[in-house]
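What follows is one structure encoded as structure tokens, with my remarks underneath.
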Amino acid sequence: MQHRADNAPLQQLDDWDDFVATRYHQGKSEEEFRNYKADANPTVTEFYRQNHAHQTLDFVLSKKAEYCSLNRDKKSIWEMAEYLNTLVDDSDPDTDLTQIEHLLQTAEAIRKDGHPRWFILAGFVHDLGKVLCLYGEPQWAVVGDTFPVGCGYSDQIVFPEFFAANPDSDVPDYQSEYGIYEPNCGLDKVHLSFGHDEYIYQATRIYLPEEAQYMLRFHSFYAAHRHGAYRHLMSEQDERMFEWVRKFNLYDLYSKGRERPKTQHILPYYQDLVSDFFPDEIAW
Ligand SMILES: [Fe+2]
Ligand SMILES: [Fe+2]
């Protein structure tokens with residue numbers, strides 16, 4: 172187990188999600204948004220310091236090699252959800268939602284608005300990649316706003332000053348506007364900082380429509396889907412698909428305040444939904 176103070180500044184993984192939700196609180200003006208540091212507690216700030224310092228291109232490539240070949244495990248979606256639920260940090264069971272409850276709450280909000288089944292399913296699986304934490308990955312390699320590595324950092328990323336401590340900041344080839352990439356090459360060719368988005372995308376992509384794949388893969392890429400950064404790397408297909416990423420983000424951010432999902436009551440619906448799209452076991 173890694174030492175908490177070193178590698179796990181967040182008391183619970185959801186502290187990052189809560190910070191993001193506060194940052195984009197509905198109705199907040201752009202000016203209020205720019206004051207985001209006031210909303211970040213010291214543990215969240217320390218979390219970003221580590222995330223921005225350690226997510227190098229080399230690190231991302233090594234984690235993709237380790238996890239994206241999906242040869243670690245074979246489990247059903249439900250087994251993975253149960254496994255993720257064993258992630259208990261210092262949360263308060265009376266007020267904090269379990270991981271499965273967050274997934275169900277997001278999915279239920281999507282379902283209530285009458286969206287297609289694949290969209291609801293994307294809501295249900297979107298954070299399963301957080302099991303990376305249970306594999307022993309530090310928090311900064313699991314959650315956090317994602318951003319491209321191997322090219323210049325956008326000032327639309329939160330806490331941009333923390334990139335000064337990233338070794339890639341001293342590599343001129345990685346700091347130009349396009350870096351190692353071609354103009355409008357498409358995000359599939361761009362390496363984003365590693366985390367739960369990429370892992371769940373890789374594990375589920377062959378079973379889901381492209382819109383859902385984008386929702387999963389880019390849901391934490393706030394600089395792009397919220398602030399319009401990195402359009403010079405995006406293809407026309409990315410632009411079209413980001414409409415869906417933006418639609419999805421509203422449910423991820425704002426489903427939390429809603430009532431606790433009545434898990435036993437809605438479970439049969441989700442059992443059917445999952446088995447319509449996924450085989451009994453998938454590769455992780
Ligand atoms: Fe997430
Ligand atoms: Fe989420």
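Mapping of the sequence shown onto this note's numbering: residues 172 to 455, in sequence order.
The beta-carbon is built from N, C-alpha and C at its ideal position, and this holds for glycine as well.
Boundaries of the alpha helix (DSSP H) around Pro439: Thr434 to Phe448. For Ile453, the pairing in a beta bridge is given by DSSP as Lys246. Unbroken beta strand (DSSP E) runs of no fewer than 3 residues, entirely contained in the region 202 to 254, are not found. The region 383 to 392 makes contact with the region 360 to 370; the number of CB pairs closer than 8 Å reaches 3 or more. With fewer than 16 other Cβ atoms from the protein chains shown falling within 10 Å of its own Cβ, Asn256 counts as exposed.
Counting other Cβ atoms within 10 Å of its Cβ, Lys301 reaches 16 or more and is therefore classed as buried. Per DSSP, the unbroken alpha helix (DSSP H) holding Tyr393 starts and ends at Tyr393 to His396. According to DSSP, residue pairing for Leu363 in a beta bridge involves Pro319. Close CB contacts of Arg282 within its chain, under the 6 Å cut and outside five residues either way in sequence, are with Ile291 (chain order). The Cβ atoms of His367 and Leu303 sit closer than 7 Å to each other. Counting only heavy atoms of ligand 1, the residues whose C-beta sits closer than 6 Å to one of them are, along the chain, His297, Asp298, His367, His390 and Ser391.
Gly315 sits away from Tyr345, with the two beta carbons spaced by 7 Å or more. For Asp423, the shortest separation between its Cβ and any heavy atom of ligand 2 lies below 6 Å. Residue burial annotation: Ala454 is exposed, with fewer than 16 other C-beta atoms found within 10 angstroms of its C-beta. Around the C-beta of Arg194, 16 or more other C-beta atoms lie within 10 Å, and the residue is accordingly described as buried. Non-local beta-carbon contacts of Val329 in its own chain, meaning distances under 7 Å to residues more than five positions away in sequence, involve Tyr207, Tyr219 and Asp316 in chain order.
The region 324 to 339 makes no contact with the region 402 to 418; the number of CB pairs closer than 8 Å stays below 3. The straight-line gap separating the alpha-carbon atoms of Leu232 and His436 is approximately 42 Å. The Cβ atoms of Ala394 and Gln327 lie closer than 7 Å to each other. Within the model, the alpha-carbon separation for Val215 versus Gly285 is close to 35 Å.
The DSSP-derived three-state label of Val259 is coil. Asn178 is the residue among Thr227, Gln226, Asn178 and Lys199 whose C-alpha sits nearest the C-alpha of Glu217. For Ala293, the enclosing alpha helix (DSSP H) starts and ends at Arg288 to Val296.
Cβ neighbours of Lys199 within its own chain (closer than 6 Å, five residues either side excluded): none. By a beta-carbon distance limit of 8 Å, Tyr425 contacts Gln197. Their separation comes to about 7 Å.
For Trp187, the enclosing alpha helix (DSSP H) stretches over residues Asp185 to Arg194.
Annotation: Met405 is outside any alpha helix (DSSP H) and is labelled neither H nor E by DSSP. The residues Ala252, Gly294, Phe295, Val296, His297, Asp298 and Leu299, in chain order, have a CB closer than 8 Å to that of Leu274 in the same chain once the five nearest residues on each side in sequence are set aside. When Asp229, Glu203 and Trp289 are compared, the shortest CA-CA separation from Thr375 is found for Trp289.
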